[in-house]
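Working notes, beginning with the structure itself.
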Amino acid sequence: TTNIPLENGRMRLHYYSPDEMNKIPRFPVWSLIESYERVQKGEADPTKLDTNFYDFQGRTIIIGTSAAATFDDKVTPYGKMPGFVLHAVALSNLLEKHFLRLSPMWFNVLLLIVTIPTCVYFSFFFQQMALRVLLPTAIFFGYSLLALFAFKFDIHLPLAAFWTAYPIAFLGSLGYLTFTEGAERRKYSKVLSNMVDPSIVSEALNDLEALKKGGEREITAFFSDVAGFSTISEQLSSADLAALLNEYLGAMTIILKQNHGTLDKYIGDAVVGIFGAPIHRDEHYMEAAKASLEMISKLKELKVYWSENNLYCKDAQDMDVRIGLNTGLAKVGFMGTDSLASYTMMGDTVNLAARLEAAGKDYGVNILISEFTNEKIKERFYTRKLDIVRVKGKNEPVQLFELIAIKGEESESRKKSSEIYEEAFSYYLKQEWDKAIEVFSNVEKVRGSKDKAAEMLIDRCDYYKKSPPGSNWDGVFTRKHK
Numbered sequence: 317t318t319n320i321p322l323e324n325g326r327m328r329l330h331y332y333s334p335d336e337m338n339k340i341p342r343f344p345v346w347s348l349i350e351s352y353e354r355v356q357k358g359e360a361d362p363t364k365l366d367t368n369f370y371d372f373q374g375r376t377i378i379i380g381t382s383a384a385a386t387f388d389d390k391v392t393p394y395g396k397m398p399g400f401v402l403h404a405v406a407l408s409n410l411l412e413k414h415f416l417r418l419s420p421m422w423f424n425v426l427l428l429i430v431t432i433p434t435c436v437y438f439s440f441f442f443q444q445m446a447l448r449v450l451l452p453t454a455i456f457f458g459y460s461l462l463a464l465f466a467f468k469f470d471i472h473l474p475l476a477a478f479w480t481a482y483p484i485a486f487l488g489s490l491g492y493l494t495f496t497e498g499a500e501r502r503k504y505s506k507v508l509s510n511m512v513d514p515s516i517v518s519e520a521l522n523d524l525e526a527l528k529k530g531g532e533r534e535i536t537a538f539f540s541d542v543a544g545f546s547t548i549s550e551q552l553s554s555a556d557l558a559a560l561l562n563e564y565l566g567a568m569t570i571i572l573k574q575n576h577g578t579l580d581k582y583i584g585d586a587v588v589g590i591f592g593a594p595i596h597r598d599e600h601y602m603e604a605a606k607a608s609l610e611m612i613s614k615l616k617e618l619k620v621y622w623s624e625n626n627l628y629c630k631d632a633q634d635m636d637v638r639i640g641l642n643t644g645l646a647k648v649g650f651m652g653t654d655s656l657a658s659y660t661m662m663g664d665t666v667n668l669a670a671r672l673e674a675a676g677k678d679y680g681v682n683i684l685i686s687e688f689t690n691e692k693i694k695e696r697f698y699t700r701k702l703d704i705v706r707v708k709g710k711n712e713p714v715q716l717f718e719l720i721a722i723k724g725e726e727s728e729s730r731k732k733s734s735e736i737y738e739e740a741f742s743y744y745l746k747q748e749w750d751k752a753i754e755v756f757s758n759v760e761k762v763r764g765s766k767d768k769a770a771e772m773l774i775d776r777c778d779y780y781k782k783s784p785p786g787s788n789w790d791g792v793f794t795r796k797h798k
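Residue numbers (this note's numbering): 317 to 798.
Okay, structure coming up:
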């Protein structure tokens, strides 16, 4: 007794390979009739005919048509074939017991219940786009491979329902998320960009967790401050003061961002910026130097405009700015609480940059940079060595440089006076005080304008003449104030 698996009274055919199905022997009926007549008339030997009658002994014969006009072509997995081929397959399945069993309905439903919600879950709750796509795709191909594996054991795992429902669920989830998340990202990006640097917003929307963790990387810390702003603010009304700050800070911030800097914060009239984070920049020190020079140039334009239009007050029209730059490792990331945090930088590199901005007042320079920044930019920017100091709060001495211009754009007087200053500084380091004073005195003559750094070093030489630092002096001057 053979147990034939039926589905609503029908047997599911278990098709063989195309080669096996095409090798089923076929004999034209007209050839059989013609051969039979010749044998009956004694005109031919039955064993020597193209169609040997004895070949049919013990065989099962299926009679059918294959002519196109009979319209008996049937659809198979390998294309259309004559209808009698399907009868041959069915007969072979019965005789050889090659039955294709359908997987249980509960199992099919269970697979759909597991795979489709899993696909939707991955799409909705995984933050990384790669996982949103790769994992559901892996499930799709995994299900198909499972169906192929089951087929090897004569089990049919239906694919039509899965191949229809799963892509709809997957693409529908992605489409919905693209629409909703895109709208949310645009909304938050617009709001946050008005309060936080756009580069930070962009990185936060991509991977907020990475920004929260922070990290240590090489950056160039930027600090700028307006000289004597308290005096200016006392002379202006609240409206004029706000207008002045907005105009000045707006112009400086545009230059900062154009040079790929990140705005850390405003502290009154001060601007704090980060070059090299959160987006990595290979030459952040070059961009910081270029931005600093452009800010000084832009301020000159603003002062001319304010003077010509008699805006604000005289002190504002003569406003000057100091900038401090330092390059090195710093901790960067979101600092604060979960409810209120800001992207900022911390560490000795940052502290030194702040000290340099403050020290710029003593040296009378607009842009004061450390030896670490100078080492990075000296091939493309013209600088002069000002001093070797030990800043407050640090034991290690640092060399200070003035950033003057892009190389080739410095004036001849500035170049010549800088060379004279550095020559005088070499005498200063040798403790040749009289010679140093003599050469420092020539700096302002060649420059054609006041040089506060040279005047300060002359005063220091006079002091050391009266109170020699000793033979073990390393040329380092210790600053007692910030």
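Heads up, the beta-carbon is just placed ideally off N, CA and C, and yes, glycines get one too.
Just so you know, these numbers come straight off a predicted model, no measurement behind them.
Checklist entry - Could you give the distance in angstroms between the alpha-carbon of P452 and the alpha-carbon of A646? => result Near 40 Å, if we compare the C-alpha coordinates of A646 and P452.
Item to check | Contact set for A604: own chain, Cβ-Cβ below 6 Å, skip 5 residues either direction | outcome: If we look at A604 and ignore the five residues flanking it on each side, its Cβ neighbours are T536, F538, F591 and L641.
Next on the checklist: My assumption, with CB atoms under 8 Å, is that G680 sits in contact with D585. Please give the rounded CB distance.
Outcome noted: Their Cβ separation, rounded to whole angstroms, is 19 Å, which puts G680 and D585 out of contact at 8 Å.
Checklist entry - Which term fits H600, buried or exposed, when burial requires 16 or more other beta carbons within 10 angstroms of its beta carbon? => result buried
Checklist entry - Where are the beta strand (DSSP E) runs, 3 residues long or more, that stay fully inside the region 335 to 414, in chain order? => result 389 to 392 and 395 to 398
Next on the checklist: Within a Cβ cutoff of 8 Å, which residues of the same chain sit near A481, ignoring the five residues on either side of it in sequence?
Outcome noted: L428 and I432
Item to check | Per-residue burial, P594 [other beta carbons within 10 Å of its own, 16 or more giving buried] | outcome: The C-beta of P594 has 16 or more other C-beta atoms within 10 Å across all chains shown, which makes the residue buried.
Checklist entry - Q551 lies in the alpha helix (DSSP H); which residues open and close that run? => result From DSSP, the alpha helix (DSSP H) with Q551 extends over F545 to Q551.
Next on the checklist: Judging by CA-CA distance, which residue of E748, F756, S351 and I753 is the nearest neighbour of S787?
Outcome noted: Of the listed residues, the one whose Cα sits closest to S787 is E748.
Checklist entry - Is T480 helix, strand or coil when you go by DSSP? => result Here T480 sits in helix by DSSP.
Checklist entry - In whole angstroms, what separates the C-alpha of E687 from that of L450? => result 49 Å
Item to check | Rounded straight-line distance, which links the Cα of D775 to that of D750 | outcome: When rounded, the distance between both Cα atoms is 12 Å.
Item to check | Rounded straight-line distance, which links the Cα of P785 to that of L745 | outcome: The straight-line gap from Cα to Cα measures roughly 11 Å.
Item to check | DSSP three-state assignment for R417, whether helix, strand or coil | outcome: strand
Next on the checklist: Looking at A752: is its Cβ nearer than 9 Å to the Cβ of A740?
Outcome noted: yes
Next on the checklist: With three or more beta-carbon pairs closer than 8 Å as the criterion, would you say the region 656 to 676 touches the region 538 to 548?
Outcome noted: yes
Checklist entry - In chain order, what residues of the same chain lie with their CB nearer than 7 Å to the CB of I548, ignoring the 5 residues before and after it? => result Excluding its 5 nearest sequence neighbours in each direction, I548 has C-beta neighbours in its own chain below 7 Å: C629, D631, A632 and M635, listed in chain order.
Checklist entry - Between the C-alpha atoms of Q356 and I378, what's the straight-line distance to the nearest angstrom? => result 24 Å
Checklist entry - Should A454 go down as buried or exposed, given a rule of 16 or more other Cβ atoms within 10 Å for buried? => result Looking at its Cβ environment, which holds fewer than 16 other Cβ atoms inside 10 Å, A454 is exposed.
Checklist entry - Hey, quick one: how far does the alpha helix (DSSP H) through F688 stretch, first residue to last? => result Bounds of the alpha helix (DSSP H) holding F688 are E687 to I693.
Checklist entry - Can you tell which of H472, N319, K468 and F478 has the C-alpha that lies nearest to the C-alpha of Y459? => result F478
Next on the checklist: Here's the rule I'm using: 16 or more other beta-carbon atoms within 10 Å means buried, otherwise exposed. How should E718 be labelled?
Outcome noted: buried
Checklist entry - Expressed to the nearest angstrom, what Euclidean distance is found between the alpha-carbon atoms of E563 and M611? => result 13 Å
Checklist entry - Identify the residues that DSSP records as bridge partners of E532: which are they? => result K647
Item to check | Candidates P474, T376, F415 and K413: closest to W422 by CA position | outcome: In terms of CA proximity to W422, P474 leads the group P474, T376, F415 and K413.
Next on the checklist: Please determine whether the Cβ atom of R763 lies at a distance below 8 Å from any heavy atom of the ligand COA.
Outcome noted: Ligands are entirely absent from the displayed structure, and the ligand COA is therefore not among its contents.
Item to check | Nearest candidate by alpha-carbon position, reference K396, set A406, A384 and L407 | outcome: A384
Item to check | Given T578 as reference, the closest of I571, T392, D335 and G589 once Cα atoms are compared | outcome: G589
Next on the checklist: Output needed for I683: all residues of its chain with C-beta closer than 6 Å, excluding positions within five of it in sequence on either side, in chain order.
Outcome noted: S608, I639 and L719
Next on the checklist: Relative to the C-alpha of P334, which candidate in P321, V405, E350 and E353 has its C-alpha closest?
Outcome noted: V405
Checklist entry - What residue range is occupied by the uninterrupted alpha helix (DSSP H) comprising L609? => result H600 to E624
Item to check | Contact check, R763 vs S742, beta carbons under 9 Å | outcome: no
Next on the checklist: Could you compute how far the alpha carbon of Q716 sits from the alpha carbon of V792?
Outcome noted: The amino acid occupying residue 716 in the given sequence is Leu; Gln does not appear at that position. Each residue's Cα considered, the two are about 11 Å apart.
Checklist entry - Tell me which same chain residues have a C-beta within less than 8 Å of the C-beta of L329, skipping the five on either side of it? => result Once the five neighbours on either side are set aside, the close Cβ partners of L329 are L402, V405, A406, N409 and L416.
Checklist entry - Exposed or buried, D598, counting other C-beta atoms within 10 Å across all chains shown (16 or more means buried)? => result exposed
Item to check | Where N642 sits in the DSSP three-state scheme | outcome: strand
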